[in-house]
Amino acid sequence: MRRGLFFVILTVLMLSLVACNGEDSKNIKANTISSATLTEREETLLSGTADQSFVFDFNAGDQYKEVAVWVEKYESGKLVRKLTQMSTEIKNTGTMVFSTAKINEENNQTRFSISVHSNETTTTGTSSETIKDDNLGMVLGNNPSESISIKDKSIVLASIGYSSSEKGISDLSTDFYSDMGSHMDELKNFDTVYLLRCTFK
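In mature numbering (1 follows the signal peptide of the UniProt record, and there is no 0), the protein residues as written are -21 to -1, 1 to 180.
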């Protein structure tokens, strides 16, 4: 029952976001993806269904027909596994939403959800993760580029990092988002970090 209700809410949320952001995604440059600018209403809708969320608009032009999206989990800088992997067909423009929501406080269960809307079709992937964050600091990060080229092989869009360090934590650097391969050491500053990544084909 809860799972069904979640998908109903997620579908309504996606339709609301797409209705408001549809024109925005058409106005961004071809072959780019960027953080969406949300209205107060959209932010309220998201905060009612998710603990953390990231929204992106893309314009894939005519060249790209599919997008693959996934979340990578790193512990102390080492890749542990991929979760919430999905791929879907796209046509020209669209919107991507990544969100997390606690679904079971007692078992520390958090649901990761990714939705992609393009060409009047919405595709959603979910997975659950055990996150014991009681004594951890958390930081959210977003790719700071206003116009991210989708011609890059694999794009880092967002991050959620957890750390037990008493010195505090800071977001991944701008350089990390633009060149992850040369800045992998930054992941060692976190106990656990989740990266939202995608590639257009």
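All C-beta atoms in this analysis are idealised placements derived from N, C-alpha and C, irrespective of residue type, glycine included.
None of these values were measured; they are calculated from a predicted model.
Glu45 is a Cβ neighbour of Thr67, given a cutoff of 8 Å. The shortest C-alpha to C-alpha distance from Ile139 to any of Asp158, Ser124, Asp112 and His96 is the one to Asp112. Here the alpha carbon of Glu54 sits roughly 35 Å from the alpha carbon of Glu19.
DSSP links Ser157 through a beta bridge to no other residue. DSSP, reduced to helix, strand and coil, places Ser94 within a strand of the structure shown. The three-state reading of DSSP puts Thr23 in helix, counting H, G and I together. Beta-bridge pairing by DSSP links Ile12 to Phe37 and Ile127. Thr63 has no beta-bridge partner at all, per DSSP.
In the same chain as Gly147, and ignoring 5 residues on each side of it, the C-beta atoms closer than 8 Å to its own belong to Gly116, in chain order. Annotation: Ser97 to Ala9 spans about 15 Å, alpha carbon to alpha carbon. Residue environment analysis places Asp36 among the buried positions, since at least 16 neighbouring C-beta atoms fall within 10 angstroms of its C-beta. In the displayed model, Leu174 falls within a strand according to three-state DSSP. In the structure shown, Asn87 falls within a coil segment according to DSSP collapsed to helix, strand and coil.
Taking Thr89 as reference, the option from Val135, Thr100, Ser106 and Met75 with the minimal CA-CA separation is Ser106. Membership of Asn121 in the beta strand (DSSP E) is indicated by the continuous run Gly116 to Asn121.
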